[in-house]
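There are 2 protein chains.
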Amino acid sequence: MKLTRISEIRRLELRQVAYEVLQTEGMAGATVEKVAQRAGASKGIVHHYFKSKQQLFEHAMRHSNALLRDEVIRRMRLARTPEQRLWAIIDGNFSADFFTRPMCHAWLSLCAEVPREPQLARIQRVVHARMRSNLLTALRSLVGEEQREHVALGITSLIDGLWLQMGLRSQGLSAADALGQMADYLSHRIPNVAWSQYLQRPGSAA
Amino acid sequence: MKLTRISEIRRLELRQVAYEVLQTEGMAGATVEKVAQRAGASKGIVHHYFKSKQQLFEHAMRHSNALLRDEVIRRMRLARTPEQRLWAIIDGNFSADFFTRPMCHAWLSLCAEVPREPQLARIQRVVHARMRSNLLTALRSLVGEEQREHVALGITSLIDGLWLQMGLRSQGLSAADALGQMADYLSHRIPNVAWSQYLQRPGSAA
DNA sequence: ACGAAAATTGGCCAACCAGCCAATTCTTGA
DNA sequence: TCAAGAATTGGCTGGTTGGCCAATTTTCGT
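Structure, rendered in structure tokens:
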């Protein structure tokens, strides 16, 4: 019995490679041939698994999204209180493994295409909806109902803004800097929770 | 005597048109021919004024940057107090004329190229330095010296994050929403200033 | 072992594009 | 008016890319 068909393996490999190429080449410079070459395969095989370049990078976006989602889920499992759940979301978005300049460049390249690629826009909507839902749930006991949406938008915007800083600043930004900003925001916006405690043990939410 | 040579007029027109094309086509889809066509000119004339496509869009970035800078300067002139100066910077970044989806799309396209185009990175550095300088000056009497850089980074990130939301959200974001978020941030981070007063008269800092 | 199906190759093609340039039109100063 | 120079045209070219496909190799069930 075959659990994983070769086709599934190839699909996963290629979308991973496509995402890597995106990190260094950007959307315009990322050609099907470069993806094939980096994967050690021929150009034809890429088109065998993805009917178009567009679809290939659509799956690359799903890939990066899955990485981020898993980081958040892992931290969510360990969280026991609403504060911990909220911090799990934030900390997951600045996981040291993913909050890097190359990752940010790939993310930016994809974001820039969203307005013109309905499929990417669809993925973006799903990502956004999940983030909003997670935040609203965690905020339920922390913020009054009439302010929850507002605070959720503020947190989302600050996260995205810090990612942008990582990509655009000359010397980048450390995950600790970003988490410091988030803790600072939360300390002022949602007092009576000692948010700074989460900065002591970086990478952990429990 | 001729104040404005035709060459200068053309350069201004073309960089403006290049920026408009960027709004709808993105960086990959923005060809020299499309810019020429939209400008009602031939492809050759574009290369006559800009030695390369790269240089053309470098000037397009300067163009968009100049628009934003002027908006901030205009509000700065009317500001009399540090709070007003700080709000002038923020309000200028969400001027109703520029805080639109097409503008955001062009901005995103340029941001996504920054990592691979040293010239764009150079412009980006200048923009960032000016923003930082403006913010630190305005914050001098509002925030303790040891926290100024931190708050300046927070404000910058939140502004960029809200721009990103404008570009990525399905239904966009109004300038009022964005300014509401900024006022909310300032109210909690820099209390004892009635930031909400600035929301009464949208578009004005005085 | 064998044959069908899956996987893979490498090259072809049509489309597109940036850069270039010779020829033409327009502007301007004397 | 009339050159001289600036402005502009439009087509050419070399190079690249995405999509396609016929041919070949590999895998796998029987």
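For the record, the sequence lines run as chains A and B.
Residue numbering for the first sequence is 4 to 209, as defined by the working numbering.
Residue numbering for the second sequence is 4 to 209, as defined by the working numbering.
All C-beta atoms in this analysis are idealised placements derived from N, C-alpha and C, irrespective of residue type, glycine included.
Predicted model only: the values in this text are computed from it and were never measured.
Inter-residue Cα distance where the pair is residue i and residue j
i                : j               : result
serine 228/A     : leucine 15/B    : Here chain A comprises residues numbered 4 to 209, so residue 228/A is not present and cannot be evaluated.
alanine 208/B    : histidine 191/B : The pLDDT assigned to alanine 208/B is 44, lower than 50, so where the model puts this residue is not dependable; a value taken from the coordinates is nonetheless given after this. Answer to the nearest angstrom: the Cα atoms are 20 Å apart.
valine 129/B     : arginine 13/A   : 44 Å
isoleucine 126/B : threonine 84/A  : 45 Å
glutamine 200/A  : serine 173/B    : 36 Å
glutamine 122/B  : leucine 59/B    : 11 Å
histidine 62/A   : alanine 31/A    : 17 Å
isoleucine 193/B : alanine 186/B   : 10 Å
isoleucine 158/B : leucine 145/B   : 14 Å
cysteine 114/B   : leucine 111/A   : 7 Å
alanine 11/A     : arginine 41/A   : For the record, residue 11/A in the displayed sequence is glutamate; it is not alanine. Whole-angstrom Cα-Cα distance: 18 Å.
alanine 124/A    : serine 45/A     : 30 Å
arginine 133/A   : threonine 27/A  : 28 Å
leucine 138/B    : leucine 139/A   : 32 Å
asparagine 195/A : glycine 147/A   : 14 Å
methionine 169/A : arginine 143/B  : 25 Å
leucine 202/B    : aspartate 163/B : 19 Å
arginine 72/A    : histidine 66/A  : 10 Å
glycine 47/A     : glycine 47/B    : 37 Å
Buried versus exposed call for residue i [16 or more other C-beta atoms within 10 Å across all chains shown]
i              : result
proline 118/A  : buried
glycine 29/A   : buried
histidine 51/B : exposed
glutamate 74/B : buried
glutamate 36/B : exposed
alanine 69/B   : exposed
serine 55/A    : exposed
Check whether residue i and residue j have beta carbons under 8 Å apart
i               : j                  : result
alanine 99/A    : alanine 178/A      : yes
alanine 33/A    : valine 49/A        : no
leucine 165/B   : histidine 131/A    : no
tyrosine 22/B   : alanine 109/B      : yes
glutamine 184/A : leucine 189/B      : no
leucine 176/A   : leucine 161/B      : no
leucine 25/B    : phenylalanine 53/B : no
Identity of the residue in the options nearest residue i by Cα
i               : options                               : result
glutamate 120/B : Met64/B, Val49/B, Asp73/B             : Met64/B
leucine 167/B   : Met106/B, Val24/B, Glu28/B, Ile126/B  : Met106/B
alanine 141/B   : Gly175/B, Ile93/B, Ser160/B, Met169/B : Ile93/B
glycine 43/A    : Arg133/A, Glu11/A, Val20/A            : Val20/A
alanine 181/B   : Arg41/B, Thr27/B, Thr103/B, Asn195/B  : Thr103/B
glutamine 57/B  : Glu116/B, Asp163/B, Ser67/B           : Glu116/B
I'd like to know if the segment 64-80 of chain B and the segment 89-98 of chain B are in contact, where contact means that at least 3 CB-CB pairs between them fall below 8 Å. Short answer: they touch.
Between the segment 148-157 of chain B and the segment 85-94 of chain B, do three or more beta carbon pairs fall short of 8 Å? Too few Cβ pairs lie closer than 8 Å, so no.
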